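This report refers to the structure that appears directly beneath it.
Numbering (the working numbering), first residue to last: 443 to 646.
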């Protein structure tokens, strides 16, 4: 037999080579996206593993985040309304005036119920126990009167601000808030002038 006739016979090595090529065609030579996806799933690269980890971590975050934000917002509002916290923030006569003026402006610009009633004018700096510590005089009386008037305005016009989507403050409420603001300013100015005059008289 001519040696050339042996070319038609398959050797074990040649068969292994053919199987290898077949395997390569099935798993490695296809360019369609489904085949590439199968390859990445069966033998993921470091980049693929990193992307999958991000996706897995992102799913619960997306689900939980809205509830967490809403709960945190409500918690902050409750803390801010706590009388003890408000008392720590504003506990001296000189701090109550800017505190009230700031909240008057916020009420005038309120767009939601939580903005209209963000604080209680019966608690915190306006609490009777806190006001009782202030020196007797026109300034303390003016502060107490402003706290009481603001509380009444909150209740009287609460029906105009019942929703978190709309809050229509009537002009009458704005006028009364402006009046309280002006009276507070005059009271504070008189108290400051009197104290300044006393300081000059005593040489302090």
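Yeah, the Cβ is synthetic: ideal placement off N, Cα and C, and Gly gets one too.
As the structure is a computational prediction, the values presented were derived from the model and not from experiment.
Could you tell me the distance, in whole angstroms, from the CA atom of residue 489 to the CA atom of residue 495? So the two alpha carbons sit approximately 10 Å from each other.
Contact between the stretch 561–568 and the stretch 608–620 (3+ Cβ pairs under 8 Å): Result no; under three Cβ-Cβ pairs closer than 8 Å.
Alpha carbon of residue 629 to alpha carbon of residue 584, nearest angstrom: When rounded, the distance between both Cα atoms is 6 Å.
Along the alpha helix (DSSP H) that carries residue 591, what are the first and last residues, could you check? Per DSSP, residue 591 belongs to the alpha helix (DSSP H) from 580–598.
Give a yes or no on whether the C-beta atoms belonging to residue 623 and residue 546 are separated by under 9 Å. With respect to residue 546, residue 623 sits close: the two C-beta atoms are nearer than 9 Å.
Contact check, residue 626 vs residue 542, beta carbons under 9 Å: Taking 9 Å as the cut-off, the beta carbon of residue 626 is found closer than this to the beta carbon of residue 542.
Alpha-carbon to alpha-carbon, residue 599 and residue 579: For residue 579 and residue 599, the distance between alpha carbons rounds to 31 Å.
Expressed to the nearest angstrom, what Euclidean distance is found between the alpha-carbon atoms of residue 633 and residue 536? If you draw a straight line from the Cα of residue 633 to the Cα of residue 536, it is about 10 Å long.
Go ahead and pull the three-state DSSP assignment for residue 626. Assignment of residue 626 by DSSP, reduced to helix, strand and coil, places it in the helix class.
Top-ranked residue by Cα proximity to residue 571, from 618, 620 and 586: Answer by Cα proximity: 586.
Measuring straight from C-alpha to C-alpha, what distance separates residue 504 and residue 577? Approximately 54 Å, taken between the alpha carbons.
Compare the Cα-Cα distances from residue 548 to each of 619, 481 and 487 and report the closest residue. Taking residue 548 as reference, the option from 619, 481 and 487 with the minimal CA-CA separation is 619.
Would you decide whether residue 475 is buried or exposed? Buried here means 16 or more other CB atoms lie within 10 Å of its CB. With fewer than 16 other Cβ atoms from the protein chains shown falling within 10 Å of its own Cβ, residue 475 counts as exposed.
For the alpha helix (DSSP H) that contains residue 550, what are its first and last residues? Under the DSSP assignment, residue 550 falls in the alpha helix (DSSP H) whose first and last residues are 535–550.
C-beta contact flag for residue 582 and residue 573 at 9 Å: Contact flag set, yes.
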